[in-house]
Each structure stands twice: as structure tokens, then as C-alpha cells.
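The structure appears right after this line, and notes come after that.
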């Protein structure tokens, strides 16, 4: 298959410091913050995004990371939805037509604001395969959560209480379906309880629209499309684990500073084979998000199909097979991108 591209955006304006490292961070965040945010809205066409990294996967396939000049907050601005989608479409068409990409992956909130990629895939101009990559992100999350239960609590999920925040999103919905039969008690939290009503009659499931219900959970999983920190120190049970799938993050570093008993784990990180090297903001070397790893694997497999919208749990098994084949399995655990060791002594 031809090349691939992965579309991302700035999580916050601070990410410019990773993108243009020669500009001091304080200049961006304090002196130039408002004019930069204003300028981002004014960009259009080819000025609205940049090819931040290009790299080889093997002798035949080249990958590109395409960065859209919008922050997480700007991506979900309701009065700019049309212009945000247009920016995403322009970046994808550039990757398809100029970079010869046969597969394009949607990273972070680019999937959420395009209805899980369906809005993009339905455009007649799109001839490449579109994927949100969330099948692999979901599979990695299940693997990571089960491993944490064993290594931290010496238990299976069947003996623990788990809270899934963002249970109505693409990944959250899939995790809800996958974790319900595995967990002793599962609290599903979403902005609208009505969307979780299908789970309300299950004996081990509690539905909620109140984030403070996390206080009873041994493991809290974040899988929202919200660009800010939601979880505060007082929301968490003593000795709890937070598995952070959300990008941008929903847990502030202040939680780790004020609650030394809490373990915050970067969720759905995939290991990258040693022969692949690329820029990826602040992530550890040879780590990437599950959604990007799935994009790469789809290109390697020559899979021409769209993988958008709701997650097909049966396709998870195929993605697991690809991950084992190509070496994009769950990465070693990190917390805010710093390697950590998990042990029961930390409880």
C-alpha cells in the first residue's frame, strides 16, 4: 500500500514548545498566548496545518505526522464546528493527494468532531482509507487495566470496582461493552445518563453523570473527548489507580503532586519497533498512542477499508493479531511520560 498519515492537533498552546522548540515556553504561554490563539483561527488552506514529521517504516512505506494548528479547546468550539471540520478535511486531502497516503488516521479529537471519522469517510473526494485507530486503543486499554489489577492489587477485575469516565464516547462505549462481564462492579459515567440506560439493568453496573462517584473505585479509566482536567484530588479513593486514555488529559499533574497515594498511568500507549523513529511531542522514545499504531499497521497490512464510527469488538481480535505480528504491543507503563514500576508495596 501507499504511504500513511496521522492527523493530530495541539492539545494545548503549550504544545507549541514541542513543535517549535527554539521559542521559549513562557513567551508562548504568557506574552503571545492571545495573539497566537487568534491567529490560529485565521489560518486556512495549506496554512492551517503542517507536516511535522516524516519517517520510514520499511523500504516501501513512509509515514507522516500532520499537525493541525488548533488546540483541544478550539477543536470542540461549538460555534466553529464547520471550520474545524473543514480544516481536518483539508489536511486529509493534502495527505491523500500530495503525500500519496493510502491510509489516514485521526488522532485525539479529530475523530470526535467528525463523528468517529464517518463525516470524513462519506466525502466523495476521499479515496484513501480512514481510521480512528480506536480499536487498538481499546484493546491496549483492556490489556493495561487487567495487568494493573494483577500487578497493583494482586487480583482480577472481578474483585475490583472500576469507574469508566467518558463511557458514551467511541472508546468508552467499547470499553463499557468489553469490561461489563469482567468487572466486579463497573461505574459508567457520562454526561447523559440516558445514553447509558442499556446497561442500567445489569447487576454489576451503575450508571452515573456525576464524576464524584469515582471516589469508590479502585481503578478509574478516563476516555472522554473533553480537553481539560476533570479529575481532582478529592475525587479519588485512597490507593486508587487512574488509567488515562484521554488525550488531551483529564487528570492534572496536581493530582499526582497532592495525592502521593494515587498512581496515574498513561493509557493505551503502544510500543514502537526499534527501527521506526519519529517526532511525537513529549512522548517517551519508541512510544506512541494506540490509534497511531493502528494506522501504521493498517498500512502495513494493505487494508483498504474505512474503520470509523462505533468500534466492532470482533475486529479487536484482528488488530491484536496485527499488533503481535508487527510489534505494536502495550508499552511499558509510564506516568506523565516518565517510566514507572508497578508493585503492591505502593498500595
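Numbering (my numbering), first residue to last: 1 to 347. No residue lacks a Cβ here, since even glycine has one placed at the ideal position from N, Cα and C.
Inset, instruction - Kindly confirm or deny that the segment 287–302 and the segment 222–240 touch, where touching means at least three C-beta pairs closer than 8 Å. - result: The answer is no - the segment 222–240 does not touch the segment 287–302, with fewer than three Cβ pairs under 8 Å.
Legend entry - Environment of residue 216 [buried if 16+ CB atoms lie within 10 Å]: Here the question's residue 216 lines up with position 216 in the chain shown. With fewer than 16 neighbouring CB atoms inside 10 Å of its own CB, residue 216 falls in the exposed class.
Legend entry - Distance between residue 86 and residue 8 (C-alpha atoms, nearest Å): Within the chain shown, the letter at position 8 stands for residue 8. Within the chain shown, the letter at position 86 stands for residue 86. Their Cα atoms are separated by approximately 14 Å.
Legend entry - Spatially closest choice to residue 262 from 277, 231, 269 and 284, by CA coordinates: Taking the first residue of the chain shown as position 1, residue 262 is located at position 262. Measuring C-alpha to C-alpha distances from residue 262 to each of 277, 231, 269 and 284 identifies 231 as the nearest.
Inset, instruction - Could you pull the start and end residues of the beta strand (DSSP E) that residue 243 belongs to? - result: The residue given as residue 243 occupies position 243 in the chain shown. Per DSSP, the continuous beta strand (DSSP E) segment holding residue 243 begins and ends at 241–244.
Inset, instruction - Report the partner residues of residue 271 according to the DSSP bridge assignment. - result: By 1-based counting over the chain shown, the position of residue 271 is 271. According to DSSP, residue 271 bridges with 287.
Inset, instruction - Taking only runs that begin and end inside the segment 182–258, name each unbroken alpha helix (DSSP H) of 4 or more residues, in chain order. - result: Fully enclosed alpha helix (DSSP H) runs of 4 or longer: 253–258.
Inset, instruction - Leaving out five residues on either side along the sequence, give the residues of the same chain with a beta carbon under 8 Å from the beta carbon of residue 14. - result: Stepping through the chain shown from its first residue, residue 14 is reached at position 14. Cβ within range, chain order: 25, 28 and 29.
Legend entry - Neighbourhood of residue 185 by C-beta, 6 Å cutoff - its chain only, sequence neighbours within 5 removed: As a position in the chain shown, residue 185 is number 185, starting the count at 1. Within the same chain, 161 and 204 come within 6 Å of residue 185 by CB-CB distance, once the 5 residues on both sides are set aside.
Inset, instruction - Drop a sphere of 10 angstroms on the beta-carbon of residue 339, count the other beta-carbons inside from all chains shown, and report buried for 16 or more, exposed for fewer. - result: Here residue 339 refers to the residue found at position 339 when the chain shown is read from its first residue. Its Cβ having fewer than 16 others within 10 Å, residue 339 is exposed.
Inset, instruction - Reducing DSSP to helix, strand and coil, say where residue 114 ends up. - result: To locate residue 114, count along the chain shown from 1; it is residue 114. Under the three-state reduction of DSSP output, residue 114 falls in the coil class, being neither helix nor strand.
Inset, instruction - Decide if residue 124 is buried, meaning its Cβ has at least 16 other Cβ atoms within 10 Å, or exposed. - result: Against the chain shown, residue 124 aligns to sequence position 124. Using a 10 angstroms sphere on the CB of residue 124, the tally of other CB atoms stays under 16, which defines it as exposed.
Inset, instruction - Note down the Cα distance separating residue 196 from residue 333, rounded to an integer number of angstroms. - result: For the purposes of this step, residue 196 is taken as residue 196 along the chain shown, with counting starting at 1. For the purposes of this step, residue 333 is taken as residue 333 along the chain shown, with counting starting at 1. Rounded to the nearest angstrom, the gap between the Cα atoms of residue 196 and residue 333 is 30 Å.
Inset, instruction - Report buried or exposed for residue 351, applying the criterion of at least 16 other Cβ atoms within 10 angstroms of its Cβ. - result: Missing from the structure shown is residue 351; the chain here goes from 1 to 347 and no further.
Legend entry - For residue 2 and residue 99, the rounded distance between their alpha carbons: Position 99 of the chain shown holds residue 99. Position 2 of the chain shown holds residue 2. Approximately 9 Å, taken between the alpha carbons.
Legend entry - C-alpha distance - residue 312 paired with residue 135, whole-angstrom precision: Counting from one through the chain shown, the residue named residue 312 turns up at place 312. Counting from one through the chain shown, the residue named residue 135 turns up at place 135. One C-alpha to the other measures close to 8 Å.
Inset, instruction - Starting from residue 19, trace the alpha helix (DSSP H) both ways and give me its first and last residue. - result: The residue given as residue 19 occupies position 19 in the chain shown. First-last of the alpha helix (DSSP H) with residue 19: 16–19.
Inset, instruction - Give the straight-line distance between the Cα atoms of residue 330 and residue 42, rounded to the nearest whole angstrom. - result: Position 330 of the chain shown, counted from the start, is the residue given in the question as residue 330. Position 42 of the chain shown, counted from the start, is the residue given in the question as residue 42. Here the alpha carbon of residue 330 sits roughly 39 Å from the alpha carbon of residue 42.
Legend entry - Beta-carbon gap between residue 72 and residue 227 smaller than 8 Å: Translated into the one-based positions of the chain shown, residue 72 becomes position 72. Translated into the one-based positions of the chain shown, residue 227 becomes position 227. At a Cβ-Cβ threshold of 8 Å, residue 72 and residue 227 count as neighbours.
Legend entry - Assigned secondary structure, residue 334 (DSSP; H/G/I helix, E/B strand, else coil): Translated into the one-based positions of the chain shown, residue 334 becomes position 334. Correct three-state label for residue 334: strand.
Inset, instruction - To the nearest angstrom, report how far apart residue 211 and residue 172 are at their CA atoms. - result: Translated into positions along the chain shown, residue 211 becomes position 211. Translated into positions along the chain shown, residue 172 becomes position 172. Rounded to the nearest angstrom, the two C-alpha atoms are 15 Å apart.
Legend entry - Unbroken stretches of the beta strand (DSSP E), 3 residues or longer, contained in the segment 29–93: Counting whole runs of 3 or more residues, the segment 29–93 contains the beta strand (DSSP E) stretches 49–56 and 62–68.
Inset, instruction - May I have a chain-ordered list of the beta strand (DSSP E) segments no shorter than 3 residues that lie completely inside the segment 103–180? - result: Listed in chain order, they are 129–131 and 161–165.
Legend entry - Contact check, residue 163 vs residue 245, beta carbons under 8 Å: As a first step, residue 163 is located in the chain shown; it is residue number 163 there, counting from the start. As a first step, residue 245 is located in the chain shown; it is residue number 245 there, counting from the start. Not closer than 8 Å, so no.
Legend entry - Inter-residue Cα distance where the pair is residue 133 and residue 295: Here residue 133 refers to the residue found at position 133 when the chain shown is read from its first residue. Here residue 295 refers to the residue found at position 295 when the chain shown is read from its first residue. Each residue's alpha carbon lies about 6 Å from the other.
Legend entry - Distance, residue 241 Cα to residue 343 Cα: Within the chain shown, residue 343 is the residue found at index 343, counting from 1. Within the chain shown, residue 241 is the residue found at index 241, counting from 1. Just so you know, the alpha carbons of residue 343 and residue 241 end up roughly 12 Å apart.
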